[in-house]
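Asks: Chains as they are written, first to last, in our numbering: chain Y, 1 to 130; chain H, 131 to 315.
Glycine is no exception: its CB is placed at the ideal position from the N, C-alpha and C atoms.
This is the structure I have questions about; it appears just below.
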């Protein structure tokens with residue numbers, strides 16, 4: 001009983017297998033179409049594209065090398081600038097440069113020079129506290 | 131089979147060397163990469179954009195992008211170039227949608243074909259030009275660039291089964307369009 005069932009299954013598999021004639025015929029037709037497609041001529045890019053590309057690539061590489069050469073100097077400059085800015089802001093916040101820059105309470109304000117002069121003159125006056 | 135595997139391995143090694151040299155911004159490596167892969171990239175671009183000038187622009191952009199110093203990340207140069215060409219050509223096609231496209235034929239009849247074969251080749255050429263872009267590019271990648279379905283699926287970003295179905299539909303359509311001529315010979 002069991003072997004009959006297996007035989008039946010095998011027969012079905014055989015019917016559906018890709019070895020049957022219909023499949024082969026279809027495959028042959030598809031192969032023929034592929035063969036014809038392969039026989040067609042396909043275009044190639046114009047030679048000028050290669051020349052133009054290589055000229056552009058040379059330029060791009062030269063620019064990239066120039067950039068790479070300047071990069072450490074730019075990085076160093078940026079670090080120095082940030083350090084100076086940080087120092088300056090710290091000083092301003094502490095009050096030493098606040099009058100000069102007008103940086104006070106986290107804001108920049110323009111202080112006219114004559115006001116600064118008046119403030120400095122007032123600071124130079126001897127104190128009457130004692 | 132063994133010979134093709136060896137050839138593929140040799141090509142892979144050559145491409146790996148090219149990638150190394152490209153990463154060091156060697157322009158002669160770009161020339162070598164162009165000589166090896168430009169035709170395949172151009173054919174794929176032309177199959178999508180349908181115009182020679184546009185296909186040449188895509189080709190130039192794709193190769194120029196190789197000299198950006200990031201080439202070391204590329205694992206399969208041919209697949210990378212074809213995928214880049216696919217993306218650029220598709221975006222160009224989207225931008226150009228409103229304009230009237232001027233179609234340049236993707237293929238032409240061989241010069242030495244017999245007069246009775248010429249009509250068949252012309253019919254095939256027209257049929258190929260009439261295929262939808264997604265089917266046409268699979269035909270180009272499979273037949274003229276000799277990629278496997280697995281590689282094509284990576285290029286066009288679709289599953290291997292989808293790619294195989296597109297190929298089968300395209301071949302069926304071509305066979306139907308060119309009629310019985312192809313099958314009688």
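Is residue 15 of chain Y helix, strand or coil by DSSP?
Replies: Your numbering for residue 15 of chain Y matches position 15 in the first chain. Its pLDDT being 48, under 50, residue 15 of chain Y is placed unreliably by the model, and the measurement read from it follows with that caveat. It is helical.
Asks: So, is residue 289 of chain H buried or exposed, given that buried needs 16 or more other C-beta atoms within 10 angstroms?
Replies: Within the second chain, numbered from 1, the residue matching residue 289 of chain H stands at position 159. Exposed, since its Cβ has fewer than 16 Cβ neighbours within 10 Å.
Asks: Does the beta carbon of residue 186 of chain H fall short of 7 Å from some heavy atom of the ligand ADP?
Replies: In the structure shown, the ligand ADP is absent, as is every other ligand, since no ligand is present at all.
Asks: For residue 56 of chain Y and residue 308 of chain H, what's the separation of their Cα atoms in angstroms?
Replies: Taking the first chain and counting its residues from 1, one reaches residue 56 of chain Y at position 56. Taking the second chain and counting its residues from 1, one reaches residue 308 of chain H at position 178. Those two C-alpha atoms are separated by around 44 Å.
Asks: Would you give the residue range spanned by the alpha helix (DSSP H) that residue 290 of chain H belongs to?
Replies: Taking the first residue of the second chain as 1, we reach residue 290 of chain H at position 160. Run containing residue 290 of chain H: 290 to 307, per the alpha helix (DSSP H) assignment.
Asks: Listing by chain order, which chain Y residues have their CB less than 9 Å from the CB of residue 280 of chain H?
Replies: Indexing the second chain from 1 puts residue 280 of chain H at position 150. None at all; the shortest Cβ gap to chain Y is about 18 Å.
Asks: Going by DSSP, name the residue or residues bridged to residue 238 of chain H.
Replies: Counted from its first residue, the second chain places residue 238 of chain H at position 108. Y:41.
Asks: Using the C-alpha atoms, what's the distance from residue 202 of chain H back to residue 214 of chain H?
Replies: The residue labelled residue 214 of chain H in the question sits at position 84 within the second chain. The residue labelled residue 202 of chain H in the question sits at position 72 within the second chain. Spanning the two alpha carbons is a distance of roughly 16 Å.
Asks: Give the secondary structure of residue 151 of chain H by DSSP, where H, G and I count as helix, E and B as strand, and everything else as coil.
Replies: Residue 151 of chain H sits at position 21 when you count from the first residue of the second chain. Residue 151 of chain H: helix per DSSP, three-state reduction.
Asks: Return the residue from the list H:277, H:252, H:281, H:212 that minimises the CA-CA distance to residue 192 of chain H.
Replies: As a working mapping, residue 192 of chain H is identified with position 62 in the second chain. Comparing Cα-Cα distances from residue 192 of chain H to each of H:277, H:252, H:281, H:212, the minimum goes to H:212.
Asks: So does the region 145 to 158 of chain H actually touch the region 117 to 124 of chain Y, counting three or more Cβ pairs closer than 8 Å?
Replies: Segments in contact, no.
Asks: Could you give the first and the last residue of the continuous alpha helix (DSSP H) run that contains residue 117 of chain Y?
Replies: Here residue 117 of chain Y corresponds to residue number 117 of the first chain, with the count starting at 1. Unbroken alpha helix (DSSP H) run through residue 117 of chain Y: 113 to 124.
Asks: Express the C-alpha separation of residue 111 of chain Y and residue 123 of chain Y in angstroms, rounding to a whole number.
Replies: Here residue 123 of chain Y corresponds to residue number 123 of the first chain, with the count starting at 1. Here residue 111 of chain Y corresponds to residue number 111 of the first chain, with the count starting at 1. Approximately 16 Å between the Cα atoms of the pair.
Asks: Would you please state the rounded distance, in angstroms, between the beta carbons of residue 207 of chain H and residue 145 of chain H? I believe it to be under 8 Å.
Replies: Translated into positions along the second chain, residue 207 of chain H becomes position 77. Translated into positions along the second chain, residue 145 of chain H becomes position 15. The pair is a contact, with the Cβ atoms about 4 Å apart (cut-off 8 Å).
Asks: Chain Y beta carbons: is any one of them nearer than 8 Å to that of residue 240 of chain H?
Replies: For the purposes of this step, residue 240 of chain H is taken as the residue at position 110 of the second chain. Yes, its Cβ sits closer than 8 Å to a Cβ of chain Y.
Asks: So that I know if they touch, is there some Cβ in chain H lying closer than 8 Å to that of residue 77 of chain Y?
Replies: In the first chain, the residue the question calls residue 77 of chain Y occupies position 77. Residue 77 of chain Y does not count as touching chain H.
Asks: Could you give the residue range of the alpha helix (DSSP H) that holds residue 263 of chain H?
Replies: Here residue 263 of chain H is taken as the residue at index 133 of the second chain, counted from 1. 263 to 269 is the span of the alpha helix (DSSP H), which, as asked, contains residue 263 of chain H.
Asks: Would you tell me roughly how many angstroms separate the C-alpha atoms of residue 43 of chain Y and residue 237 of chain H, rounded to the nearest one?
Replies: Sequence index remark: in the first chain, residue 43 of chain Y carries index 43 (1-based). Sequence index remark: in the second chain, residue 237 of chain H carries index 107 (1-based). Roughly 7 Å between the two C-alpha positions.
Asks: Tell me where the alpha helix (DSSP H) around residue 246 of chain H begins and ends.
Replies: Counting from 1 along the second chain, the entry for residue 246 of chain H is found at position 116. Residues 245 to 260.
Asks: Within 10 angstroms of its Cβ, does residue 79 of chain Y collect 16 or more other Cβ (buried), or is it exposed?
Replies: Residue 79 of chain Y sits at position 79 when you count from the first residue of the first chain. Residue 79 of chain Y comes out exposed.
Asks: Would the region 38 to 54 of chain Y and the region 245 to 265 of chain H be scored as touching if the rule is three or more Cβ pairs under 8 Å?
Replies: Because the criterion of three Cβ pairs below 8 Å is met, the region 38 to 54 of chain Y and the region 245 to 265 of chain H touch.
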